[in-house]
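>
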């Protein structure tokens, strides 16, 4: 699914919808974002050597994981509740296509626990375990 379809699942808009496309199959979500070099988060990070901030890479993982919860996400806002075992391996630069693979490992009530990996050209850039809560639209 492309960005317009993702907007049916994710409440993110404008500069914070950080996926160009995503799919879900066999219990895994796969997402892609091509880094053009014009992104707001690269301004000043770092002059002459732009690198996608680690927190942005983690946000992209979380947005990818939400694709697995399309039905549950409807009308809700996914809030990060934790990040664990985050490891950054390879920097992500303009011109790179950042690809994610995520899966939900368990859930309890509105809380979902996931793990994910991000790659550039098949090389591991980041791995993480994370959790989030789906909060109703009235919150």
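Residue numbers (this note's numbering): 1043 to 1181. Every residue, glycine too, gets a C-beta built ideally from N, C-alpha and C. Only a predicted model underlies this, so the values are computations on that prediction, with no experimental measurement involved.
1. Smallest Cα separation from residue 1163: which of 1113, 1109 and 1139?
2. Can you find the residues in the same chain that come closer than 6 angstroms, C-beta to C-beta, to residue 1084, ignoring five residues on each side of it along the sequence?
3. Please list, in chain order, all residues of the same chain as residue 1128 whose beta carbon is under 6 angstroms from its beta carbon, the five residues on each side excluded.
4. Run through DSSP, which three-state label would residue 1096 get?
5. Would you kindly check if the distance between the Cβ of residue 1069 and the Cβ of residue 1106 is under 9 angstroms?
6. Short of 7 angstroms in beta carbon distance, which residues of its chain neighbour residue 1174, apart from the five on each side in sequence? Order them along the chain.
7. What distance in whole Å lies between the Cβ atoms of residue 1158 and residue 1141, which are believed to be in contact at a cut-off of 8 angstroms?
8. For residue 1117 versus residue 1079, is the C-beta spacing smaller than 9 angstroms?
9. Please return the same chain residues whose Cβ sits closer than 7 angstroms to the Cβ of residue 1087, not counting the five positions on each side in sequence.
10. Alpha carbon to alpha carbon, how far is residue 1076 from residue 1112? Give it in angstroms, no decimals.
11. Keeping to the same chain, check which residues put their C-beta closer than 8 angstroms to that of residue 1059; ignore five residues upstream and five downstream.
12. Using C-beta distances below 6 angstroms, list every residue in its chain close to residue 1098, excluding the 5 sequence neighbours before and after it, in chain order.
13. If I measure Cβ to Cβ from residue 1114 and keep anything under 7 angstroms in the same chain, skipping five residues before and after, which residues do I get?
14. Considering residue 1084, what are the terminal residues of the beta strand (DSSP E) in which it resides?
So, from the listed chains and residues:
1. Ranking 1113, 1109 and 1139 by CA distance to the CA of residue 1163 puts 1139 first.
2. For residue 1084, where only same-chain residues beyond five positions count, the Cβ hits under 6 angstroms are 1092.
3. Closer than 6 angstroms at the Cβ level, and outside the excluded window around residue 1128, lie 1170.
4. Helix.
5. No, they are not a contact pair.
6. So the list reads 1104, 1120, 1121, 1122, 1123 and 1154, once near-sequence residues are dropped.
7. Incorrect: roughly 11 angstroms between the Cβ atoms, too far for contact.
8. For residue 1117 and residue 1079, no; Cβs fall outside 9 angstroms.
9. Here the set comprises 1093 and 1095.
10. Spanning the two alpha carbons is a distance of roughly 23 angstroms.
11. The residues are 1045, 1048, 1049, 1052 and 1105.
12. These residues qualify, in order along the chain: 1083.
13. Short of 7 angstroms from the beta carbon of residue 1114, and not among the five residues preceding or following it, lie these beta carbons of its own chain, in chain order: 1176.
14. Neither: residue 1084 is in no beta strand (DSSP E) and is coded neither H nor E.
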